[in-house]
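Chains as they are written, first to last, in my numbering: chain U, 1 to 215; chain E, 1 to 141; chain P, 1 to 376.
Even for Gly, the Cβ is constructed at its ideal location relative to N, Cα and C.
Presented below is the structure to which this report refers.
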Amino acid sequence: MGVVDDAEQPGFITTTLDKLLRWGRSRSMWPVNAGIACCSLEMMTTGAARYDFDRFGIMFRSSPRQADVMIVPGPITKKMAPIVQRVYNQMAEPRWVIAMGSCAISGGTFVDSYNVLPGAETILPVDIYIPGCPPRPEALLYGCLQLKKLISETSTIGSSRKPMYVPPVLPEEWPLELLGEYDALEAGAVWVQPERDSPPVTPLGDAESAPEDEL
Amino acid sequence: MTPEVRAVLARHGAVLDESGFDPRADVARDAWRACAADLHATGARFFDITAIDRGEAVELVLVLVDTPSTQFTLRTSCPNESLRAESLAGVFPPAEWGEREVFDLFGVVFEGNPDMTRILQPDSSTIHPLRRSFELEERTW
Amino acid sequence: MVNFPRKGVEGSTETMLLNVGPQHPSTHGVLHMMCEISGETIVSAKPVIGYLHRGIEKLAESRTWQQDIVLTDRLDYVAQFSNEWAYCRAVERLAGIEVPERAEWLRTLLVEMNRITSHLIWYAGVTMDIGALGTPFIYAWVARERIFDFYEAVTGARVMPNWMRLGGVHTDIDSAMLKEMRDFLERDFPVEVDEYEALLVGNEIVQSRMKGIGVFSAEQLVEWGVTGPALRASGSERDLRKDVPYGVYDRLDFRVCTDDVGDSLARCRVRLAEIRESARMCVQIIDGMPGGDVRAKVSRALKPPVGDVCVRTESPRGELGVLVASDGTTKPLRFRVRSPIFYNLSAMPHMLPNHLLADMLVIFGGIDTSMGEIDR
Numbered sequence: 001m002g003v004v005d006d007a008e009q010p011g012f013i014t015t016t017l018d019k020l021l022r023w024g025r026s027r028s029m030w031p032v033n034a035g036i037a038c039c040s041l042e043m044m045t046t047g048a049a050r051y052d053f054d055r056f057g058i059m060f061r062s063s064p065r066q067a068d069v070m071i072v073p074g075p076i077t078k079k080m081a082p083i084v085q086r087v088y089n090q091m092a093e094p095r096w097v098i099a100m101g102s103c104a105i106s107g108g109t110f111v112d113s114y115n116v117l118p119g120a121e122t123i124l125p126v127d128i129y130i131p132g133c134p135p136r137p138e139a140l141l142y143g144c145l146q147l148k149k150l151i152s153e154t155s156t157i158g159s160s161r162k163p164m165y166v167p168p169v170l171p172e173e174w175p176l177e178l179l180g181e182y183d184a185l186e187a188g189a190v191w192v193q194p195e196r197d198s199p200p201v202t203p204l205g206d207a208e209s210a211p212e213d214e215l
Numbered sequence: 001m002t003p004e005v006r007a008v009l010a011r012h013g014a015v016l017d018e019s020g021f022d023p024r025a026d027v028a029r030d031a032w033r034a035c036a037a038d039l040h041a042t043g044a045r046f047f048d049i050t051a052i053d054r055g056e057a058v059e060l061v062l063v064l065v066d067t068p069s070t071q072f073t074l075r076t077s078c079p080n081e082s083l084r085a086e087s088l089a090g091v092f093p094p095a096e097w098g099e100r101e102v103f104d105l106f107g108v109v110f111e112g113n114p115d116m117t118r119i120l121q122p123d124s125s126t127i128h129p130l131r132r133s134f135e136l137e138e139r140t141w
Numbered sequence: 001m002v003n004f005p006r007k008g009v010e011g012s013t014e015t016m017l018l019n020v021g022p023q024h025p026s027t028h029g030v031l032h033m034m035c036e037i038s039g040e041t042i043v044s045a046k047p048v049i050g051y052l053h054r055g056i057e058k059l060a061e062s063r064t065w066q067q068d069i070v071l072t073d074r075l076d077y078v079a080q081f082s083n084e085w086a087y088c089r090a091v092e093r094l095a096g097i098e099v100p101e102r103a104e105w106l107r108t109l110l111v112e113m114n115r116i117t118s119h120l121i122w123y124a125g126v127t128m129d130i131g132a133l134g135t136p137f138i139y140a141w142v143a144r145e146r147i148f149d150f151y152e153a154v155t156g157a158r159v160m161p162n163w164m165r166l167g168g169v170h171t172d173i174d175s176a177m178l179k180e181m182r183d184f185l186e187r188d189f190p191v192e193v194d195e196y197e198a199l200l201v202g203n204e205i206v207q208s209r210m211k212g213i214g215v216f217s218a219e220q221l222v223e224w225g226v227t228g229p230a231l232r233a234s235g236s237e238r239d240l241r242k243d244v245p246y247g248v249y250d251r252l253d254f255r256v257c258t259d260d261v262g263d264s265l266a267r268c269r270v271r272l273a274e275i276r277e278s279a280r281m282c283v284q285i286i287d288g289m290p291g292g293d294v295r296a297k298v299s300r301a302l303k304p305p306v307g308d309v310c311v312r313t314e315s316p317r318g319e320l321g322v323l324v325a326s327d328g329t330t331k332p333l334r335f336r337v338r339s340p341i342f343y344n345l346s347a348m349p350h351m352l353p354n355h356l357l358a359d360m361l362v363i364f365g366g367i368d369t370s371m372g373e374i375d376r
């Protein structure tokens, strides 16, 4: 960015749109407030008074639609995996994922278990890994600053939009959830509008019982 | 253990063993629900229902609290060929979830439970992991 | 698909099914609550759990008795010391291990401090759920961080201490640290709690949201299997620290905090009173702390005799039971956790009907869930 040093037209800067977007995105990362397990306590601590996430422009959003970063704070179980995937696919583009703690990195203590996935990367494209069980708030802050660096160095203009992330190895237990026509294009599937559980609509006036002369 | 509890256990033919840490009473599987219902009538409070895999049979363990400071266990045994027992959900309401968990992890079916489905594992699961016959996979690294 | 037949309301329009969770900021984890609502009123409800089922009970069977303490931390990650203690007490009872006197005092001290931090998280959560975004949450973290500094100095970790061992504790606390704890708990902490209480119980909006909401009698709650502060708020005196004294509770002067109203506000008052009472107990423990060893000699390849034992303890959320069974080898035959919130949550279908949807989170906050222990 360069400031136009012109006395007749003050207050102008020259930059590219790409740089401006990167600057803005890297300074307002909004993680989705999805607490999964133990690490979410440290995530909350980082948001509270002593460590104060807000000074970096990081504010937790409760709705994935308003968020662009997903912090995965805990082990992903087989029952939770489709939901985590769905939350990720509902987030606005472009989006990033932080795997927080050993469980989200590799399964951690529970890697042997019959119900835990070996890390978040099996279903999500992870950008930053923060080790620890759980990581200290300082570690989470450092990880977020690393992500900030990553965002300010990655161009998001002109790259092909990825509406849906398709993991390299599709898990067999659950089908990939398609949320719309656009997702189906990405997953190479045919989008079928699901049947909604809606109450039967009864017409207000019954045609047969109406008097004939009024018809 | 209160005298009322002793009387109920004796009426249902329970084998009482007080040599361990807590008194334990073994009843036949047919008397399981009736005995629990009579114990509920004496004022015993539900604490927990769980199971222990003994190899050839699954032992159901019902932990009850008779006075605030004492507890005892009521047990019955389900052989591997017929993993069934009568449900206690009508006697102790919290037992409904406890039984669902035993079904999920051990495969014991409780007859009369209003919702005999898996509670912890996903519905697509086909295993009963806390059985001895189920072994965890070796980790690959 | 979850088996959730709708009940419907006679003479009314069709009811609606509303899913709350598993990803929801107010479910304190990954709980999924299915509510059938007619207008704004809940007709029936069903909690769906298992989204954090990590199979700890199975994993414990493939580790040795000593190694399992690591797993107990991760059960209820808000009250770690309570879980460790329950497990250690069960195994010590089974194997006949004598715990040194000082270790018992140290354990009781940290578990009571843990009760404070656990209730502070409840405080932050329940106020956020009813709309007080931010202020009480950040206030609660002030005192919590001070106590977490003590945890870190004593155990080396903030959240997952792994501090207790079979037959004692891992590290001793020196007298300078004890004095610092005492200063904080006696001088600074009560001032903080006054502020918390004024913010919550003294607030007009909180009162109108909580007073008279979710009134249950002690008989009902006992029948539904509810334990802990939620039960004591209805007038019951059930507290295992008094009923079956363990640790050094029989040598401490404390009262069981109860309330006889039984509504959501009473549950808040009981928990706030427990915070004060725990701080008082901690001061007593620090004053009466004896000297001596903190850890008995226990073999690494411990082989408890064949048998099983169920031990009941009072965790911040209710009666935590641990059943361990041994077959005489170095690994447990069965490690079962009777989670208090598992059964407290199972009472939700009885508690919620005929309440407004907005009151669901108020009643739900009254039982103070932590999904790690429910799902294990």
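Say whether the stretch 162-179 of chain P touches the stretch 233-241 of chain P, bearing in mind that this needs 3 or more beta-carbon pairs closer than 8 Å, one atom from each stretch.
-> no
Selection of the stretch 7-36 of chain P by Cβ proximity to chain U, strictly under 7 Å | 14, 22, 23, 25, 29, 30
In three-state DSSP terms, what is residue 144/U?
-> One-based indexing of the first sequence puts residue 144/U at position 144. Here residue 144/U sits in helix by DSSP.
On the premise that residue 362/P lies in contact with residue 42/P, defined as a C-beta separation below 8 Å, what is that separation, rounded to the nearest angstrom?
-> Along the third sequence, read from residue 1 onward, the residue named residue 42/P stands at position 42. Along the third sequence, read from residue 1 onward, the residue named residue 362/P stands at position 362. With a Cβ gap of about 12 Å, residue 42/P and residue 362/P do not count as contacting.
Is there at least one Cβ from chain U nearer than 8 Å to residue 219/P's Cβ?
-> What you label residue 219/P is simply residue 219 of the third sequence in a count that begins at 1. No, residue 219/P does not count as interfacial toward chain U.
Taking only the alpha-carbon atoms, compute the straight-line gap between residue 383/P and residue 212/P and give it to the nearest angstrom.
-> Examination of residue 383/P is not possible in this model, given that chain P is present from 1 through 376 alone.
Along chain E, which residues have their Cβ under 8 Å away from the Cβ of residue 364/P?
-> Position 364 of the third sequence, counting from 1, holds the residue named residue 364/P. Within chain E, no residue comes near residue 364/P; the closest Cβ sits about 16 Å away, beyond 8 Å.
Contact check, residue 33/E vs residue 65/E under 8 Å by CB: the rounded distance?
-> The residue you call residue 33/E lines up with position 33 of the second sequence. The residue you call residue 65/E lines up with position 65 of the second sequence. Their Cβ separation, rounded to whole angstroms, is 19 Å, which puts residue 33/E and residue 65/E out of contact at 8 Å.
Distance, Cα to Cα, residue 369/P vs residue 344/P?
-> Stepping through the third sequence from its first residue, residue 369/P is reached at position 369. Stepping through the third sequence from its first residue, residue 344/P is reached at position 344. For residue 369/P and residue 344/P, the distance between alpha carbons rounds to 9 Å.
Taking DSSP as the reference, what is the three-state secondary structure of residue 235/P?
-> Working through the third sequence from its first residue, we reach residue 235/P at position 235. Of the three classes helix, strand and coil, the one that applies to residue 235/P here is coil, per DSSP.
Go ahead and label residue 74/U buried or exposed: buried means 16 or more other beta carbons lie within 10 angstroms of its beta carbon, across all protein chains shown.
-> In the first sequence, residue 74/U corresponds to position 74, counting from 1. Its Cβ being crowded by 16 or more others within 10 Å, residue 74/U is buried.
Can you give me, in chain order, the residues of the stretch 72-87 of chain U that have a beta carbon less than 7 Å from any beta carbon in chain E?
-> 78, 79
Taking the runs of the beta strand (DSSP E) that are 3 residues or longer, which of them lie wholly in the stretch 2-75 of chain P?
-> 16-20, 32-38, 41-48
Residue interval of the beta strand (DSSP E) (run including residue 337/P) = Indexing the third sequence from 1 puts residue 337/P at position 337. 334-338 is the span of the beta strand (DSSP E), which, as asked, contains residue 337/P.
Drop a sphere of 10 angstroms on the beta-carbon of residue 129/E, count the other beta-carbons inside from all chains shown, and report buried for 16 or more, exposed for fewer.
-> By one-based count along the second sequence, residue 129/E stands at place 129. Counting Cβ neighbours within 10 Å, residue 129/E comes out buried, since at least 16 surround it.
Below 8 Å between beta carbons is the criterion; list the residues of the stretch 19-53 of chain E that meet it against any residue of chain P, in chain order.
-> 20, 21, 22, 45, 46, 47, 48, 50, 52, 53
Could you tell me whether the stretch 319-326 of chain P touches the stretch 180-198 of chain P, using the rule of 3 or more Cβ pairs below 8 Å?
-> no
Burial state of residue 207/U, where buried means 16 or more other Cβ atoms lie within 10 Å | Working through the first sequence from its first residue, we reach residue 207/U at position 207. Since pLDDT at residue 207/U reaches only 48, below the 50 mark, its modelled position is unreliable, and the value read off the structure follows with that caveat. Its Cβ having fewer than 16 others within 10 Å, residue 207/U is exposed.
What are the partner residues of residue 129/U, as DSSP defines its beta bridges?
-> In the first sequence, counting from the first residue as 1, residue 129/U sits at position 129. DSSP, once it has assigned bridges, lists 99/U as partnering residue 129/U.
Cβ of residue 15/E within 8 Å of any chain P Cβ | As a working mapping, residue 15/E is identified with position 15 in the second sequence. No, residue 15/E does not count as interfacial toward chain P.
Could you name the residues of the stretch 331-345 of chain P whose beta carbon sits closer than 8 Å to any beta carbon of chain U, in the order they occur along the chain?
-> For the stretch 331-345 of chain P, no residue has a beta-carbon sitting nearer than 8 Å to a beta-carbon of chain U.
Per-residue DSSP class, three states only, for residue 15/E | The residue labelled residue 15/E in the question sits at position 15 within the second sequence. Here residue 15/E sits in strand by DSSP.
Between the Cα of residue 21/U and the Cα atoms of 165/U, 151/U, 167/U, which residue gives the shortest distance?
-> Locating residue 21/U in the first sequence gives position 21, counting from the first residue. When only C-alpha atoms are compared, the closest one is 151/U.
Chain P contact for residue 145/U (CB, 8 Å cutoff) = If you number the first sequence from 1, residue 145/U lands on position 145. It does not: the Cβ of residue 145/U has no partner Cβ on chain P nearer than 8 Å.
Would you kindly work out how many angstroms separate the C-alpha atoms of residue 138/U and residue 268/P, rounded to a whole number?
-> Mapped onto the first sequence, residue 138/U falls at position 138. Mapped onto the third sequence, residue 268/P falls at position 268. Between residue 138/U and residue 268/P, the C-alpha separation is close to 32 Å.
For residue 71/U, which residues from the same chain have a beta carbon less than 7 Å from its beta carbon, with the 5 sequence-adjacent residues on both sides left out?
-> Counting from one through the first sequence, the residue named residue 71/U turns up at place 71. Closer than 7 Å at Cβ, skipping near neighbours: 31, 43, 98, 100.
Using a Cβ-Cβ cut-off of less than 8 Å, list which residues of the stretch 217-250 of chain P approach chain E; keep chain order.
-> Residues of the stretch 217-250 of chain P with a Cβ closer than 8 Å to any Cβ of chain E, in chain order: 222, 223, 224, 225, 238, 243, 244.
In terms of alpha-carbon separation, which member of 296/P, 233/P, 157/P lies closest to residue 274/P?
-> As a working note, residue 274/P is residue 274 in the third sequence. Of 296/P, 233/P, 157/P, the residue nearest in Cα terms is 233/P.
Cβ distance (whole Å) where residue 127/E is taken to contact residue 334/P below 8 Å = The count along the second sequence starts at 1 and reaches residue 127/E at position 127. The count along the third sequence starts at 1 and reaches residue 334/P at position 334. That belief does not hold up - the Cβ atoms of residue 127/E and residue 334/P are roughly 17 Å apart, past 8 Å.
Own chain, CB closer than 8 Å to residue 220/E, minus 5 neighbours either side, in chain order | Beyond the ends of chain E as shown, which are 1 and 141, falls residue 220/E; an answer cannot be given.
What separation, rounded to the nearest whole angstrom, lies between the Cα atoms of residue 48/U and residue 69/U?
-> Residue numbering aside, residue 48/U sits at position 48 when the first sequence is read from its first letter. Residue numbering aside, residue 69/U sits at position 69 when the first sequence is read from its first letter. Cα to Cα, residue 48/U sits roughly 18 Å from residue 69/U.
Please decide whether residue 52/P counts as near chain U, where near means a Cβ-Cβ distance under 8 Å.
-> Locating residue 52/P in the third sequence gives position 52, where the first residue counts as 1. True, the Cβ-Cβ gap to chain U drops below 8 Å.
Quick one, which of 55/P, 124/P, 292/P, 194/P has its alpha-carbon nearest residue 106/P's?
-> For this step, residue 106/P is matched to residue 106 along the third sequence. Residue 292/P is the option with its Cα nearest to residue 106/P.
What is the rounded straight-line gap between the Cα of residue 80/P and the Cα of residue 14/P?
-> Position 80 of the third sequence holds residue 80/P. Position 14 of the third sequence holds residue 14/P. In a straight line, the C-alpha of residue 80/P is about 45 Å away from that of residue 14/P.
Using CA coordinates, which residue listed in 167/U, 142/U, 18/U, 165/U is at the minimum distance from residue 58/U?
-> Position 58 of the first sequence, counted from the first residue, corresponds to residue 58/U. The residue among 167/U, 142/U, 18/U, 165/U with its C-alpha nearest the C-alpha of residue 58/U is 142/U.
Going by other Cβ atoms of all chains shown within 10 Å of its Cβ, with 16 needed for buried, is residue 120/P buried or exposed?
-> For the purposes of this step, residue 120/P is taken as residue 120 along the third sequence, with counting starting at 1. When all chains shown are included, residue 120/P counts as buried.
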